[in-house]
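The next block holds one structure in the form of structure tokens; read it before the comments.
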Amino acid sequence: MKTLIEGRVWVLGRDVDTDQIISGKYLTIIDPEELKKHVFEIALPEFAREARRGDVVVADENFGSGSSREHAPQALRAIGVGAIVADSFARIFYRNSINLGIPTIEARGVRAMFEAGDPIRIDMTRGTVTNGRTGVNLSFPPLPPHLLSLLEAGGLVAKVRQELQA
């Protein structure tokens, strides 16, 4: 994991639940290449077509609420989301995302800072989010070392594999 993340912003509102990230009708799909074709199918129909590896999702409060299924963060990882930054997260979604190696950052007020397509810069060590268009910065509490370590390894399973091989 890079400690400096740069990408293009995709903006979502509040209470984006896991069904909006990936509909429950795709629960039988296990192939990541197929799964990523359906990310934000209703909320942002162009996302699956136009998203680029490293793009960042910025959202309002309660991102990832609803079902605890792991398909939602799996689909975001498959499409190459570089990070998710939101005012707040549903806790199970937050942990599922971190466990899959997706930088997941809670930063109060972040949604109001961005418009779709804005360039974003996230400094994981300093705990800052910067809008590249406006220059506006926002601080967030840096992730604790054990979570940074999970992200660095690529997620929980990758971290356990590393430790078992050491």
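When you line the sequence shown up against full-length UniProt numbering, it's residues 1 to 166, in that order. Quick reminder that beta carbons are idealized off the backbone N, C-alpha and C, glycines included.
- In this structure Asn-99 touches Gly-155 by the C-beta definition: roughly 6 angstroms separates them, less than 8 angstroms.
- In summary, Leu-35 is buried, with 16 or more beta-carbon neighbours lying within 10 Å of its beta-carbon over all protein chains present.
- Taking a 10 Å sphere around the C-beta of Arg-91, we find fewer than 16 other C-beta atoms and assign the residue as exposed.
- Here the alpha carbons of Gln-165 and Val-11 stand approximately 40 angstroms from one another.
- Taking 3 residues as the shortest admissible run, the stretch 118 to 159 contains the following complete beta strand (DSSP E) segments, listed from N- to C-terminal end: 119 to 123, 128 to 131 and 137 to 139.
- If the five residues before and after Asp-55 are omitted, its C-beta is found closer than 8 angstroms to the C-beta atoms of Gly-7, Arg-8, Val-9, Trp-10, Gly-80, Val-81 and Gly-82, all from its own chain and listed in chain order.
- Separation of Ile-30 and Ala-112 (C-alpha to C-alpha, rounded to the nearest whole angstrom) is 35 angstroms.
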